[in-house]
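The structure under discussion appears below in the form of structure tokens.
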Amino acid sequence: MAAFLYPIYTLATFGLAIWGIILFQQSHRVSTILLIVVVAGMIYDNLIVSVGRLINEGALLKLLNRLRFLFHNLCVPLLVVVAVNLANIAGVPWANNSILYKSCWAIAIALITLGLLTDFRQLELIPTAFAGTLRYKPKSCGVPILTILTALLVAVVGFCIWHQTQWLWMFVGTLIMLVGNALPKSIFGPLLGSVVDCIFILTLLATDLMMSEFMH
Numbered sequence: 007m008a009a010f011l012y013p014i015y016t017l018a019t020f021g022l023a024i025w026g027i028i029l030f031q032q033s034h035r036v037s038t039i040l041l042i043v044v045v046a047g048m049i050y051d052n053l054i055v056s057v058g059r060l061i062n063e064g065a066l067l068k069l070l071n072r073l074r075f076l077f078h079n080l081c082v083p084l085l086v087v088v089a090v091n092l093a094n095i096a097g098v099p100w101a102n103n104s105i106l107y108k109s110c111w112a113i114a115i116a117l118i119t120l121g122l123l124t125d126f127r128q129l130e131l132i133p134t135a136f137a138g139t140l141r142y143k144p145k146s147c148g149v150p151i152l153t154i155l156t157a158l159l160v161a162v163v164g165f166c167i168w169h170q171t172q173w174l175w176m177f178v179g180t181l182i183m184l185v186g187n188a189l190p191k192s193i194f195g196p197l198l199g200s201v202v203d204c205i206f207i208l209t210l211l212a213t214d215l216m217m218s219e220f221m222h
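Residue 7 is where the sequence shown starts when you use the working numbering, and the numbers rise one by one after that.
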């Protein structure tokens with residue numbers, strides 16, 4: 007089943023990227039281009055899982071999967087900057103501050119550094135097959151600190167946007183992503199994580215669109 011679903015996820019994330027490019031052409035905002043970068047990482051992730059069986063186990067597939075985790079570490083913290091940028095557009099009072107905006111970039115860079123030092127540098131990958139797919143996964147799976155910290159920060163900003171504009175979906179999307187990724191993969195498998203990540207990015211793009219309408 008996963009062998010059938012991951013190509014669909016790849017196409018779905020590709021569709022999100024196209025939507026993001028259309029939004030960027032209309033708004034030319036930093037938040038939109040950063041979302042496109044994050045979605046590009048998701049496309050790569052789903053694509054490599056989709057074609058893993060065709061490549062077969064070996065050094066090439068291991069390298070391609072290692073890049074999946076590198077892109078994850080590089081892209082996810084950028085969502086902190088995206089969230090604060092959207093809060094500024096929404097008119098959240100504390101978000102209209104150049105020092106805060108620069109601090110968000112500092113936080114994002116710090117989270118990237120944290121992820122590279124604590125996760126990626128010590129990453130050991132082993133092959134694993136699941137429902138017709140082949141990928142490499144970490145030999146030891148710890149708590150995804152990078153994802154949790156980023157999601158918590160985005161959730162707080164999403165709540166502030168909800169309070170300011172009555173648009174709750176960024177907050178809801180973040181909660182869905184948090185809960186979905188917190189569920190044990192040994193029981194629910196990796197498919198659920200891909201689904202909730204797509205929902206999460208969908209709500210961020212929808213928020214980007216709605217904030218454009220809010221400005222007008």
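Don't be surprised by glycine CBs; every beta carbon is placed ideally from N, CA and C.
Since the model is a prediction, treat every value here as computed from it, not as a measurement.
With contacts defined as CB atoms closer than 8 Å, residue 67 and residue 214 fail to qualify as a contacting pair.
DSSP places residue 108 in the uninterrupted alpha helix (DSSP H) bounded by 104–121. Within 10 angstroms of the beta-carbon of residue 10 lie fewer than 16 other beta-carbons, which makes it exposed. In this structure, the straight-line span from the alpha carbon of residue 48 to that of residue 16 is close to 8 Å. Assignment of residue 145 by DSSP, reduced to helix, strand and coil, places it in the coil class. Judged by DSSP in its simplified three-state form, residue 13 adopts helix. Residue pairing from DSSP places residue 133 in a beta bridge opposite 142. The C-alpha of residue 141 is placed about 25 Å away from the C-alpha of residue 84. Just so you know, the alpha carbons of residue 155 and residue 117 end up roughly 8 Å apart.
Rounded to the nearest whole angstrom, the C-alpha separation of residue 26 and residue 170 is 24 Å. The alpha-carbon of residue 53 is positioned some 12 Å away from that of residue 61.
For residue 72, the secondary structure class from DSSP, reduced to helix, strand or coil, is helix. In this structure, the alpha-carbon of residue 144 lies about 28 Å from that of residue 87. In this structure, residue 125 sits near residue 79, with a CB-CB distance shorter than 8 Å. The Cβ atoms of residue 96 and residue 217 lie closer than 8 Å to each other. At the C-beta level, residue 112 and residue 163 stay beyond 8 Å of one another.
With fewer than 16 other beta carbons inside 10 angstroms of its own, residue 127 counts as exposed.
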